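Sequential numbering from 0 applies to the sequence shown in numbering that gives the first Met the number 0. We treat Cβ as the ideally placed atom computed from N, Cα and C, and that holds for glycine. Quantities reported herein were computed from a predicted structural model and do not represent experimental measurements.
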Amino acid sequence: MALRRLRPHGLFQVTRNPGRFGRRGRVCNFQRASWFICPSHRQRTKRLLQVNTSTEPRSLDCAVIGGGPAGLTAAIYLARYHLAVTVFDDGSGRAATIPITHNHAGFPGGISGSDLMLRMRTQACSYGAQIRQGRVDALTHEKGEFVVSFGAKTLEARTVLIATGVTNRAPEMPKAMHDEALRRGLLRYCPVCDGFEITDKRVAVVGQGERAFHEAVFLRSYTPHITLLCPKGVDLNSTQRNRLAQVGIRIEIGPLQFELEQEAIVVRNLTSRSRFDTVYPALGTTVRSDLAQMLGATLLAEGCVRVDDHQRTDVRGLYAAGDVVKGLDQISHAMGQAGVAATTIRNDLCDQSPLVRRS
Ligand SMILES: Cc1cc2nc3c(=O)[nH]c(=O)nc-3n(C[C@H](O)[C@H](O)[C@H](O)COP(=O)(O)OP(=O)(O)OC[C@H]3O[C@@H](n4cnc5c(N)ncnc54)[C@H](O)[C@@H]3O)c2cc1C
0 MALRRLRPHG
10 LFQVTRNPGR
20 FGRRGRVCNF
30 QRASWFICPS
40 HRQRTKRLLQ
50 VNTSTEPRSL
60 DCAVIGGGPA
70 GLTAAIYLAR
80 YHLAVTVFDD
90 GSGRAATIPI
100 THNHAGFPGG
110 ISGSDLMLRM
120 RTQACSYGAQ
130 IRQGRVDALT
140 HEKGEFVVSF
150 GAKTLEARTV
160 LIATGVTNRA
170 PEMPKAMHDE
180 ALRRGLLRYC
190 PVCDGFEITD
200 KRVAVVGQGE
210 RAFHEAVFLR
220 SYTPHITLLC
230 PKGVDLNSTQ
240 RNRLAQVGIR
250 IEIGPLQFEL
260 EQEAIVVRNL
270 TSRSRFDTVY
280 PALGTTVRSD
290 LAQMLGATLL
300 AEGCVRVDDH
310 QRTDVRGLYA
320 AGDVVKGLDQ
330 ISHAMGQAGV
340 AATTIRNDLC
350 DQSPLVRRS
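Here's what the structure looks like:
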């Protein structure tokens with residue numbers, strides 16, 4: 000047994016015999032390393048993550064809606080600016096579904112989305128941020144304050160950050176099959192994130208029109224074996240069809256049925272049965288901007304919240320960051336926008352009434 004302590008909050012790298020700790024602590028096996036969270040630290044982390052309503056002021060400096068990379072980064076910054084911040088999260092984000100990310104800087108062996116979120120939640124709470132589990136149903140603005148409604152409760156806040164992300168449209172298959180395929184890398188949603196992992200593999204892109212065309216061509220730089228599956232028939236112009244033919248991308252059509260094998264995902268249409276190492280759905284996303292819309296914020300054509308260079312929406316006191324804003328839908332980008340948003344929130348609050356520390 001050998002544990003090499005690497006980080007605060009009870010995270011150790013297990014250099015030998017990781018299985019031994021399975022029952023007592025939590026071992027996360029990443030590709031080249033195993034990580035162990037020891038039981039005493041687990042308890043401490045659990046306590047840290049518990050909501051402490053006695054320290055929550057009547058009116059928050061900022062309510063952050065969404066506890067993904069954007070919301071949690073903002074919470075870390077805001078708490079470290081000595082501001083009162085509560086994050087609301089309903090646990091349905093994209094980051095939490097990432098089996099393992101290899102392009103997020105600083106983790107040479109990769110890290111799973113859920114572990115990254117746990118680290119970020121722990122970091123935010125260790126500086127005094129609160130995290131409430133549950134869905135925010137409504138946002139209103141009354142007498143100069145925002146009112147956040149979740150379940151039967153409400154909280155007031157001077158500012159709100161919308162960090163609610165987007166949801167991917169999934170191909171038609173049972174949810175259990177979908178989640179299992181995602182976990183095993185048979186289904187992937189983000190060529191920018193994990194195109195590298197499918198290098199030289201057999202890949203299908205499922206979708207229609209321009210979006211699916213671009214995704215198939217993008218992935219062609221990773222592998223020569225790409226098939227574009229168009230469930231509703233081919234809706235590409237002649238230039239697009241020629242381009243696909245030029246780079247050797249096959250097109251198939253028809254209603255699709257999926258089946259999982261040990262190492263492959265099988266796709267049937269009316270005429271054929273093909274095995275792929277990975278399927279990329281290119282079916283678009285639904286932007287979770289309804290709360291911003293409720294307050295009258297302007298949305299762009301695709302549903303994203305419109306913001307200025309400092310992540311301000313056109314509603315005073317309302318900010319947005321992450322996938323819900325137009326941009327590269329990536330963890331690093333969400334985090335960058337959130338850092339900007341949190342600093343703008345701090346500076347805007349300070350302009351309204353100076354933030355001065357009392358002795
Ligand atoms: C399968 C997959 C793999 C990916 N791999 C990578 C990768 O390797 N590298 C990379 O950089 N990016 C990757 N991405 C993209 C990455 O997940 C997103 O860009 C990132 O999560 C965006 O962060 P976010 O905070 O804006 O949104 P999210 O992570 O989606 O978080 C939004 C949060 O808001 C919460 N929420 C929404 N509405 C409400 C509400 N009304 N009330 C309360 N809470 C609410 C959700 O529960 C969620 O926790 C991947 C995406 C997918 C789907």
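Item	Value
Please tell me whether, using a cut-off of 6 Å, the distance from the CB of V265 to the nearest non-hydrogen atom of ligand 1 is below it.	no
For G150, which residues of its own chain have a beta-carbon under 7 Å away from its beta-carbon, when the five flanking residues on both sides are left out?	G133
Within the region 229-280, note down every full alpha helix (DSSP H) run reaching 4 residues or more, in order along the chain.	237-245
Is it true that the CB of A94 sits closer than 7 Å to the CB of G105?	no
Under 6 Å: does the beta carbon of T54 sit that close to some heavy atom of ligand 1?	no
Closer than 6 Å to a non-hydrogen atom of ligand 1 - does that hold for the CB of Y188?	yes
Indicate the three-state DSSP secondary structure (helix, strand or coil) for R361 in the structure shown.	Beyond the ends of the chain as shown, which are 0 and 358, falls residue 361; an answer cannot be given.
Around the Cβ of E171, are there at least 16 other Cβ atoms within 10 angstroms (buried) or fewer (exposed)?	exposed
Tell me the rounded alpha-carbon separation between T198 and Y221.	5 Å
Let me check understanding here. Comparing Cα to Cα, which of L186, T166 and G66 lies closest to I264?	L186
So, are the CB atoms of A360 and V84 less than 7 Å apart?	Only positions 0 to 358 of the chain appear in the structure, and residue 360 is not among them; the question remains open.
With a cut-off of 8 Å on the beta carbons, I'd call I344 and C61 a contact; round off their distance for me.	6 Å
Bridge partners for R157 per DSSP, in chain order?	Bridge partners of R157: none, in fact.
What's the C-alpha gap between R168 and S237?	27 Å
Determine the extent of the alpha helix (DSSP H) in which C303 is found, giving its start and end residues.	No alpha helix (DSSP H) holds C303; DSSP gives it neither H nor E.
If we count Cβ pairs, one from each stretch, closer than 8 Å, do we get three or more for the region 322-342 versus the region 59-73?	yes
Under 8 Å by Cβ, that's how I've got R201 and H224 pegged, so tell me the actual separation to the nearest angstrom.	4 Å
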